[in-house]
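Line order of the protein sequences matches chains L and H. Everything in the first sequence is counted per my numbering, starting at 2 for the first residue and increasing by one. Everything in the second sequence is counted per my numbering, starting at 2 for the first residue and increasing by one. Glycine included, each C-beta is placed from N, C-alpha and C at the ideal position. In this text, all values refer to a predicted model and were calculated from it rather than measured experimentally.
Number of protein chains: 2
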Amino acid sequence: MKQDRPGKQDRPGKAKGPAEAASKRQSFSKKTAVGIREVAAAAGVSPATVSQVFNHKGEASAATRERVLSVGDRLGYRPNPVGQALRSGRSRVIGVVVSYRESAVWQQTYMPYYQSIIAGAAIEAVDHGYSISAAPSTEDGEIETRLPLDGVIVVDPIPNDPVVEQCMARGLAVVIDGGYSPATDGARMVSVRADVAQGIPTVLDHLWDQHVARAHGNAGNKQGESGGEASDQSGENRPFRPALFTGPRLDSYTTDTTNAYQSWCEMRGLEPIVATLGHDQPPLDAARALLARGPRELNAVHCLNETYCSAATAAAAELGLAIPTDLQISVAGSAYSVGSEERAAYLNLDPVASGALCARSLIELLEGRPVEDHLEPMVLVPARRVDFGA
Amino acid sequence: MKQDRPGKQDRPGKAKGPAEAASKRQSFSKKTAVGIREVAAAAGVSPATVSQVFNHKGEASAATRERVLSVGDRLGYRPNPVGQALRSGRSRVIGVVVSYRESAVWQQTYMPYYQSIIAGAAIEAVDHGYSISAAPSTEDGEIETRLPLDGVIVVDPIPNDPVVEQCMARGLAVVIDGGYSPATDGARMVSVRADVAQGIPTVLDHLWDQHVARAHGNAGNKQGESGGEASDQSGENRPFRPALFTGPRLDSYTTDTTNAYQSWCEMRGLEPIVATLGHDQPPLDAARALLARGPRELNAVHCLNETYCSAATAAAAELGLAIPTDLQISVAGSAYSVGSEERAAYLNLDPVASGALCARSLIELLEGRPVEDHLEPMVLVPARRVDFGA
DNA sequence: CTGAAAGCGCTAACAT
DNA sequence: ATGTTAGCGCTTTCAG
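As structure tokens, then:
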């Protein structure tokens, strides 16, 4: 059917003979990976058909499909993603925006979380033919990457975060991990967050239960009484005095946590004690200051994240406070990771799973399927160990 | 054959006037982001000139350069990286290969390190106009990504790692974090590693010094005596008995550590005690088994990484061993991160810095500049705290 | 159901 | 010094 070689080699236009062109092709194929045209030629079809087959895009006879596929496989054909991207306008790359350049404390606190998000997103993305790129952002919200991103995952943005605003302005699909305000309509945006409003009351009630149980002499490995009822017995020996150890960032996670804590205190008739880390203050300093109040004034503390929890346990050790006898600790974080603090009660968070969920949501969005916001329940994991040597 | 088909060869060049081309261009600009041709038209030059100016590639009069730049800026022109990649054959994307799918224990142990590598590499890469993509790999060494990678960073490969082999077979530039064997010549490969052979003796000598100093009654906050000289005083009260707590992976870091430990023991005339974690054994179990020997048989332990260190401290707590009185602990890891164990001596490792270094090395390699292997010295950070409540 | 044609945005090699 | 030309590898109308 095609008397001489199909494809580009007779493109040269001007004056080239076919033989000449063919040899040029040869010399390419040594260096270049096998392209769609090689496959097409070998299978006796046109490049268009090959493309069509490889993209599952519909109409080809079973025989042709089979042949193309097997030839492609034999030749080791891998569609060049750059060509695809150029032609289709979609790169199948998802950026995870990371704001590494903030303060040292911020880095120490949030970077581990970020990194797990990236890990989870990377795995999930690859399962759908997407890739993850870690994209730092500048202070003014510009995403620094040369990659053409189809969509973006932004972790814990602050209200009116410049990164988010820029993405929306550019029409990029965005998944927010942690929630975002102000809500913008018409934007391709989904949010994935932990249900702090449910988790915080749960853990605080749990701590209270434990406190009361211990006051009654049982060492406190029973749990499960309904939390709300414990309140009337609290005054017995020492009143329950739970604090919140939180941070200076105004992202949704932090503000939601603080609000949930405040309203729980109000509901239970307790006075809130909130320690907010200063902007460049070492967590350990803040923890020392907080716990210096002593076990009479403060006998439980919920920590915003694991960094603060580490600081709290370290400060407790310095001050000779036994956990949980003198001080109960709870924290939102990964209960089952190796470095977890087994004396603390956890509101379990799985950042790797969150990353995967973010990626999945974003991909759904990109492929035009309807996506809902996600609100992940936070599961309570009671403390699994008590202080030794106490 | 080409004359009968007026097909593609009358494409742009031959017969079209510039005006015609320009008007066609216009219709594009409505939908697409501003392209090189818009800028060219607006600045009254050719696309080639614009490209040339934006790529700092040499020859353009100052006036033209100025004009092109300002027009480009005004129009918000951003060169499309896909076009650049397609044309140049280089994507400016670096993959960090991650093998997430291994065992749970492995994940817990190595993932944090991986993630820091990604973070450091991402920052560094962006400063050089590159991007980082997290690329999972399958068991047989296939890198799962749709992105065309210019080069790859592989973290802690095992000997003959299929990922590394495949990359070399494909002619990809590779940076090995942690070292690789067998060495392959002719491959574009660089390795970046910590100088374990220097670090291990340093920390072991340090532990010994501390041991001796404590035996002599000084609580041991002095350090700096030459390590080698301490040996002759060791038999006094209790002999110094340092163990190595290591893992089942056969990467260079692990084998180098084990070798350094063994030869140090030999040199100092001590009997080596090596605990190697089983393939799917929880670190805490292994730590319990090791420390169960009691303080007479074993009074110091060097841990391969921070996961093992956590396990060792937890096991020590369970067994009522005071740190460092009954058991000294040392570990290779990030001494200054928030979660660090202050009772342990650290051989300091900064994985974020390593990631940056890997990226920088790879970029040098990609840009054809000569690159040397890096051997990072490991700095000793003595324990900063002793057990409270002991 | 298949193929030919027309580029996506950019740049290297040649013209001018 | 600047412009022209010819594609990089692929997909996507549009004809057959």
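Under the Cβ distance rule, H:GLY84 counts among the residues neighbouring chain L, one pair being separated by less than 8 Å. Per the coordinates, the alpha-carbon of H:GLN329 lies some 34 Å from the alpha-carbon of L:ALA120. Assignment of H:GLU377 by DSSP, reduced to helix, strand and coil, places it in the strand class. One finds SER134 and ALA135 in chain H with Cβ atoms closer than 8 Å to the Cβ of L:ILE133, taken in chain order. As computed with DSSP, H:ILE95 is found in a beta bridge with H:ILE133 and H:GLY152.
In the structure shown, the three-state DSSP call for H:SER362 is helix. Rounded to whole angstroms, the Cβ separation of L:PHE246 and L:ALA301 is 11 Å, and the two are not in contact under 8 Å. For L:ASP141, same chain residues with a beta-carbon under 8 Å away, outside a window of 5 residues either side, are PRO163 in chain order. Burial of L:MET112 is indicated by the presence of at least 16 other C-beta atoms within 10 angstroms of its C-beta. Scanning L:GLY295, L:GLN85, L:VAL193 and L:VAL382 for the CA closest to the CA of H:ARG147 turns up L:GLN85. Taking H:LEU150 as the centre and dropping the five residues before and after it, the same chain places the C-beta of SER92, VAL94, ILE95, GLY96, SER134, ALA136, ILE144 and LEU173 closer than 8 Å to its C-beta, in chain order. Contacts with chain H at 8 Å (Cβ-Cβ) include L:PRO284. With the criterion set as a beta carbon lying under 8 Å from some beta carbon of chain L, the members of the stretch 138-164 of chain H are GLU145, THR146, ARG147, LEU148 and PRO149, in sequence order. Around H:SER253, the same chain offers GLY179 and GLY180 as residues with beta carbons nearer than 6 Å, after the five sequence neighbours per side are excluded.
Annotation for H:ARG194: the continuous beta strand (DSSP E) segment containing it runs 190-195. Closer than 8 Å to the CB of H:ASN260 there is not a single CB belonging to chain L. Rounded to whole angstroms, H:VAL380 and H:ASN306 show a C-alpha spacing of 15 Å. L:GLN329 carries a strand assignment under DSSP once its states are collapsed to helix, strand and coil. At least one C-beta of chain L is nearer than 8 Å to the C-beta of H:ARG93. For L:VAL127, the closest Cβ of chain H is nearer than 8 Å. With a minimum length of 3 residues, the unbroken runs of beta strand (DSSP E) contained wholly in the stretch 291-357 of chain L fall at 301-304, 329-334 and 346-349. In the three-state DSSP reduction, H:ALA42 falls in the helix class (H, G or I). Minimum Cα-Cα distance from H:ARG385 among the listed residues H:SER362, H:ALA360, H:GLY369 and H:ALA345 corresponds to H:ALA345. Around the beta carbon of L:HIS57, a 10 Å sphere encloses fewer than 16 other beta carbons of the protein chains shown; the residue is thus reported as exposed. The beta carbon of H:SER52 is closer than 7 Å to those of ILE37 in its chain, skipping five residues each way along the sequence. Those residues of the stretch 301-313 of chain L placed with their C-beta closer than 8 Å to a C-beta in chain H are GLU307, THR308, SER311 and ALA312, ordered along the chain. What L:ASN81 touches in chain H, judged by beta-carbon distance under 9 Å, is LEU87 and PRO149, going in chain order.
When only Cα atoms are considered, H:VAL213 and H:PRO352 end up about 32 Å apart. Close partners of H:SER117 in chain L (Cβ separation under 9 Å): MET112, PRO113 and GLN116. L:LEU245: not part of any alpha helix (DSSP H); member of the beta strand (DSSP E) spanning 243-247, first to last residue. The Cβ of H:ILE124 sits closer than 8 Å to at least one Cβ of chain L. Around the beta carbon of L:ALA293, fewer than 16 other beta carbons sit within 10 angstroms, so the residue counts as exposed. Per DSSP, reduced to three states, the secondary structure at H:ALA123 is helical. H:VAL175: member of the beta strand (DSSP E) spanning 174-178, first to last residue.
Of all residues in the stretch 327-343 of chain L, the ones placed with a Cβ closer than 8 Å to any Cβ belonging to chain H are SER338, VAL339, GLY340 and GLU343, in chain order.
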